[in-house]
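Taken in order, these protein sequences are the chains called A and B.
Residue 190 in UniProt numbering sits at position 190 of the first sequence; the count goes up by one each step and never skips.
Residue 100 in UniProt numbering sits at position 100 of the second sequence; the count goes up by one each step and never skips.
There are 2 protein chains.
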Amino acid sequence: MSESTTIRPLRAAEVSTWDQQADVVIAGYGIAGVCAAIEAARAGADVLILERTGGWGGAASMAGGFIYLGGGTPLQQALGFEDTPENMETFMLAAFGPGVDKAKIADYSRGSVEHYNWLVDCGVPFREAFWGEPGWEPPHDEGLMYSGGENSAPFNTLAVPAPRGHVPQMANKRTGAKGGGYMLMKPLVETAESLGVRVEYDIRIGRLVVDDDRVVGLTARRYGKEIAIRADRGVVLATGSFAYQKEMIEGYAPRLIGRPAAAIEEHDGIGIRLAHALGAQLAHMDATEVAFMADPQLMARGIVVNGRGQRYITEDTYPGRIGQATLIQQDNQSYLVIDEQSYEKALTTETATPFFRQPPTWVAETSAELEAEMGLPTRALQSTIEVYNLHAEQGRDPLLGKKPEWLRPLRGPLAAFDMRGFTAGFTLGGLRTDLDSRVLHVSGEPIAGLYAAGRCTSGLCAGGYASGASLGDGSFYGRRAGLAVAASSPSADRSSIQTHVRN
Amino acid sequence: MSESTTIRPLRAAEVSTWDQQADVVIAGYGIAGVCAAIEAARAGADVLILERTGGWGGAASMAGGFIYLGGGTPLQQALGFEDTPENMETFMLAAFGPGVDKAKIADYSRGSVEHYNWLVDCGVPFREAFWGEPGWEPPHDEGLMYSGGENSAPFNTLAVPAPRGHVPQMANKRTGAKGGGYMLMKPLVETAESLGVRVEYDIRIGRLVVDDDRVVGLTARRYGKEIAIRADRGVVLATGSFAYQKEMIEGYAPRLIGRPAAAIEEHDGIGIRLAHALGAQLAHMDATEVAFMADPQLMARGIVVNGRGQRYITEDTYPGRIGQATLIQQDNQSYLVIDEQSYEKALTTETATPFFRQPPTWVAETSAELEAEMGLPTRALQSTIEVYNLHAEQGRDPLLGKKPEWLRPLRGPLAAFDMRGFTAGFTLGGLRTDLDSRVLHVSGEPIAGLYAAGRCTSGLCAGGYASGASLGDGSFYGRRAGLAVAASSPSADRSSIQTHVRN
């Protein structure tokens, strides 16, 4: 076959030789890929995973490992938290929009307990311990934590707060040995391989191969050679986000230009682009997760203000919401202001992100002096602090709804941190899939033979985000992809394809 | 041919009879379509326009009629405004992003004077008069106005302010007879028809017809009958935005759910979807123009605050920027606050939008009383007014850069207008096209035989907007589409197509 860098589909009639063949071919060996592989193999399919790098894991194995689960999981119950699928759905509808896929959120909420049990059955360990302090992650190996602002304004008045960030137990987090994402992936990979799933590493997918309108395989490059791989039942795309594809970031999510994070360089949008070339529907291509590089223990005790010295979000919420609000709504202009007493208190707490505990940029005896040092307009910050203090004295935050436990007037020596531009993130938009992870054509019908899951799809999050939504979505709909592709009819009788399969 | 509602492309081999034929087939008879038709016809092509409604005009003929032009147009020069292509480009790069198509903005700025002259040569009338007051449009038939915040912060410090909103002279605006958009379209339509351009009304496009990877025609429905129309040189999509396509709004631009404006119901994204089904690249699908239903004369004299009583944008800027900031960055929560003296002064001015001059929602003697009546947290609005007044007394607005001419402390009886949810708009995202208006495939190469212009493309505006950018972009790149399609090679020798053309 001639070499090519195009991503246009290749017609099956142009494939002279199929170098490999499987019932199900999965592109990408991260969380979505491994879950698809397990379910497809259990359903009796012969599964081949193609992985671009030299090892399994994808972005998942680098991640902190939150999986967003709820509705009353055994872990939630054991730790005394009440939750129902309906309550989970109510929160997700409010927090993950606007424009969420309502059917997917309903489906996910209802399937969440079963999915938790499935993960446990595959060997994913969760320790029965809850971490209730502000933070990006638990500092140890606690298995449950609030990870989406469920217990903060405005969501704590819309749904009953329940923590849903489930974290696989880490081997030894303090030594940095293996994080939660690794501890999620490892048992899943072992499960897949025990089922006979085949894996090819160091292989890069090229083009989808189509027979009429059905996807019947793909081309790939391995050690510089282009090969064709036939997928009798279908192809599953599990190739991750487009955080590292410059043209797509510029064209769809330009606020992330130059600031990718929590993604891997292999996240070049290839799965999205290959399916798009077939007319696959897309959704929410502008949506992004946004990390904010501040210590949540400091933020909860202080105030976060924008470039005009105004508060704009409750400081005790999920820090990813602060990141989104900062990047998207405040032009990435942000400062954290705290007084000495609260600063010192915060420093006594444990944190999973000690590298965010930097010295303050400015310190001053009074808010007037601090304001002047920061270069803010006269009275801009002072009046913000006065209004905050006026209400904090009464244990209230009518502006933003911060919880009383974090409300204390800012007094005496003050410190401020320059947080301008301290955001980074990954993309949440991608292929529109149905509840069976079938890739939908822009016309609304599924594209035969093509499935997708994980961050190459537009999943649960249309705009908002919670930590764990990506691993949750990817694992849940990865499974659906595996089940659906294994159950599908094989593509046209092979004798009609005028080629032979070598292996 | 069988009936079908799919939007998947149809293979030419499946077309048994071509009911009509032209060198160039243009879908949509709005601003982009008419300009494409003129240029293609002048280049010698036989042109057929297909229009879904019973008449020409599209959204353009309903519009106020701003065309965004500059770089030193004769009208700018006659009215004493200096501008250069480079200065125009600098403004557009700053105001229309993030993520703008830099090549398109450079191209457009450099071609803008020629484009003005071309419009005038086609008979579009511009009156040599400038309207310099805040407003959505000139109240009479003035030909030039600031329409994008060029003379407001932050742009007035980044580029030399120059008005670029060029408005065709209206027949009699006061009687509501014919607006600027109509006066733009009418001479262009007359020009097109004088060149022998053929038009079919009441015909709705169905599917694109492809021969190999080239677009060679389309199907359409006319009076319930599906017909096939061959386009020997190419098809131009000029079908407008997707403001009225519910699924696309939910999937790409959900903040506009339930609030389409300045679009027509025919703006159902059909051109985008047909090309997308062929793998056409998209861009900035989340971008939206946003109208804010307030009187700019009132806003410039007052303060605009969000749901927390905080100012968030300079009130003397282009009101569409206030709309975008309100909908996207302030969750559609906004109030306008003004004092009695400024309110009465504003009411003495002329306005093109008298229907936005509604009575205030609240009036009060003091800011404390007003704040309480509005239900804002104690001291939230009062402190905003105090900070504003403190600086306004010195003729400065260090928070947001409002110009001194509009700065006066708010004193005495105050009024406030409830502007929550008072936004509406249309979509700016769409097909990615090159400078010749060729529709690009997701792989980056042009799709042979397919061109697009106007609001079905992602044009000059990736995020920001100026009034006139749509008619400017649509007319400019409509022309480019017409030139390029007329100059292209005819599709494969007709004898190779096993069909005949009826007409």
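By construction, the Cβ of each residue, glycine as well, lies at the ideal position given by its N, Cα and C atoms.
Just so it is clear, the structure is predicted and the values come from calculations on it, not from any experiment.
Given a threshold of 16 other Cβ atoms within 10 Å of its Cβ, counted over all protein chains shown, does residue i qualify as buried or as exposed?
{"i": "Glu39 (chain A)", "result": "buried"}
{"i": "Ser4 (chain A)", "result": "Low confidence applies here, because Ser4 (chain A) scores a pLDDT of 46, under 50, leaving its location unreliable; read the following figure in that light. The residue is exposed, with fewer than 16 neighbouring Cβ atoms inside 10 Å."}
{"i": "Ile257 (chain B)", "result": "exposed"}
{"i": "Gln77 (chain A)", "result": "exposed"}
{"i": "Gly395 (chain A)", "result": "exposed"}
{"i": "Phe422 (chain B)", "result": "buried"}
{"i": "Ala37 (chain A)", "result": "buried"}
{"i": "Glu14 (chain A)", "result": "exposed"}
{"i": "Arg411 (chain A)", "result": "exposed"}
{"i": "Ser147 (chain B)", "result": "buried"}
{"i": "Ala103 (chain B)", "result": "exposed"}
{"i": "Asp101 (chain B)", "result": "buried"}
{"i": "Ser437 (chain B)", "result": "buried"}
{"i": "Arg233 (chain A)", "result": "buried"}
{"i": "Gly320 (chain A)", "result": "buried"}
{"i": "Ser489 (chain A)", "result": "exposed"}
{"i": "Glu371 (chain B)", "result": "buried"}
{"i": "Thr427 (chain A)", "result": "buried"}
{"i": "Thr366 (chain B)", "result": "exposed"}
{"i": "Arg11 (chain A)", "result": "exposed"}
For residue i, which residues does DSSP report across the bridge?
{"i": "Leu10 (chain B)", "result": "B:Val209"}
{"i": "Lys225 (chain A)", "result": "A:Arg222"}
{"i": "Pro168 (chain B)", "result": "B:Phe126"}
{"i": "Glu289 (chain B)", "result": "B:Phe426"}
{"i": "Thr457 (chain B)", "result": "B:Leu431"}
{"i": "Ile49 (chain B)", "result": "B:Ile26 and B:Val199"}
{"i": "Tyr335 (chain A)", "result": "A:Val305 and A:Asp418"}
{"i": "Gly217 (chain B)", "result": "B:Val209 and B:Arg230"}
{"i": "Trp204 (chain B)", "result": "First, the residue type needs correcting, since residue 204 (chain B) is Arg and not Trp in the sequence shown. According to DSSP, Arg204 (chain B) bridges with B:Arg221."}
{"i": "Pro446 (chain B)", "result": "B:Leu440"}
{"i": "Arg311 (chain A)", "result": "A:Val305"}
{"i": "Tyr68 (chain B)", "result": "B:Gly165"}
In its own chain, which residues sit with a C-beta less than 7 Å from the C-beta of residue i, not counting the 5 before and 5 after it?
{"i": "Arg204 (chain A)", "result": "Arg52, Ala220 and Arg221"}
{"i": "Glu89 (chain A)", "result": "Ile105, Ala106 and Ser109"}
{"i": "Gly375 (chain B)", "result": "none"}
{"i": "Glu250 (chain B)", "result": "Ile257"}
{"i": "Ala277 (chain B)", "result": "Ile7, Arg8 and Pro9"}
{"i": "Glu265 (chain A)", "result": "Tyr244"}
{"i": "Ala228 (chain A)", "result": "Met1, Val15, Thr17, Trp18, Asp19, Val209, Gly217 and Thr219"}
Within a Cβ cutoff of 6 Å, which residues of the same chain sit near residue i, ignoring the five residues on either side of it in sequence?
{"i": "Asp268 (chain B)", "result": "Tyr244 and Gln245"}
{"i": "Ala415 (chain A)", "result": "Ile338, Tyr343, Pro360 and Val363"}
{"i": "Arg479 (chain B)", "result": "Cys35 and Glu39"}
{"i": "Phe417 (chain B)", "result": "Leu336, Pro360 and Thr361"}
{"i": "Asn151 (chain A)", "result": "Pro161"}
{"i": "Val124 (chain B)", "result": "Pro168, Leu184 and Pro187"}
What residues from chain D crowd round residue i, counting only those whose CB sits closer than 8 Å?
{"i": "Val124 (chain B)", "result": "The structure shown contains no chain D; its protein chains are A and B."}
What distance in whole Å lies between the Cβ atoms of residue j and residue i, which are believed to be in contact at a cut-off of 8 Å?
{"i": "residue 550 (chain A)", "j": "Val235 (chain A)", "result": "Only positions 1 to 503 of chain A appear in the structure, and residue 550 (chain A) is not among them; the question remains open."}
{"i": "Arg230 (chain A)", "j": "Trp18 (chain A)", "result": "4 Å"}
{"i": "Thr288 (chain B)", "j": "Gly425 (chain B)", "result": "5 Å"}
Can you find the residues in the same chain that come closer than 8 Å, C-beta to C-beta, to residue i, ignoring five residues on each side of it along the sequence?
{"i": "Gln329 (chain B)", "result": "Tyr312"}
{"i": "Ala43 (chain B)", "result": "Gly482, Leu483, Ala486 and Ala487"}
{"i": "Glu190 (chain A)", "result": "Gly123"}
Query raised in the report: When you check each C-beta in the region 353-378 of chain A against every C-beta of chain B, which residues fall closer than 8 Å?
Result: Within the region 353-378 of chain A, the residues whose Cβ lies closer than 8 Å to some Cβ of chain B are Pro377 and Thr378, listed in chain order.
Query raised in the report: Closer than 7 Å, Cβ to any Cβ of chain B: which residues of the region 194-216 of chain A, in chain order?
Result: Listed in sequence order: no entries.
Report task. Mind checking the region 229-261 of chain A against chain B and listing, in chain order, the residues whose C-beta falls within less than 9 Å of any C-beta there? Result -> Against chain B - using a Cβ distance shorter than 9 Å - the residues of the region 229-261 of chain A are Glu247, Ile249, Glu250, Gly251, Tyr252, Ala253, Pro254, Arg255 and Ile257.
Query raised in the report: Going along the region 274-289 of chain B in order, which residues come within less than 8 Å of chain A, judged by CB to CB distance?
Result: Of all residues in the region 274-289 of chain B, His276, Ala277, Leu278, Gly279, Gln281, Leu282, Ala283, His284, Met285 and Asp286 have a Cβ within less than 8 Å of some Cβ in chain A.
Query raised in the report: Using Cβ-Cβ distances below 8 Å, what residues of the region 386-405 of chain B are close to chain A?
Result: If you check each beta-carbon in the region 386-405 of chain B against every beta-carbon of chain A, the ones closer than 8 Å belong to Glu386, Val387, Leu390, His391, Pro398, Leu399 and Leu400.
**Report entry** chain B contacts from the region 93-127 of chain A (Cβ-Cβ distance under 7 Å)
**Finding:** When C-beta distances to chain B are compared with 7 Å, the residues of the region 93-127 of chain A below that value are Gly97, Pro98 and Gly99, in chain order.
Query raised in the report: Any residues in the region 434-452 of chain A with a beta carbon nearer than 9 Å to a beta carbon of chain B? Which ones, in chain order?
Result: Listed by position, the residues of the region 434-452 of chain A near chain B (Cβ gap below 9 Å) are His441, Val442, Ser443, Gly444 and Glu445.
Requested in this report: Taking only beta carbons into account, state which residues of the region 143-154 of chain A come closer than 7 Å to chain B, listed in chain order.
Outcome: Those residues of the region 143-154 of chain A that come within reach of chain B (Cβ to Cβ, closer than 7 Å) do not exist; the list is empty.
Query raised in the report: Residues in the region 299-326 of chain B with C-beta within 7 Å of chain A's C-beta atoms, listed in sequence order?
Result: If the cut-off is 7 Å between Cβ atoms, the region 299-326 of chain B has Arg308 and Gln310 near chain A.
Query raised in the report: Quick one, which residues of the region 419-434 of chain B are near chain A if we go by CB-CB under 8 Å, in chain order?
Result: Residues of the region 419-434 of chain B with a C-beta atom less than 8 Å from some C-beta of chain A are Arg432, listed in chain order.
Query raised in the report: Using a Cβ cut-off of 7 Å, which residues of the region 329-340 of chain B contact any Cβ in chain A, in chain order?
Result: Only those residues of the region 329-340 of chain B whose C-beta falls short of 7 Å from the nearest C-beta of chain A are listed: Gln329.
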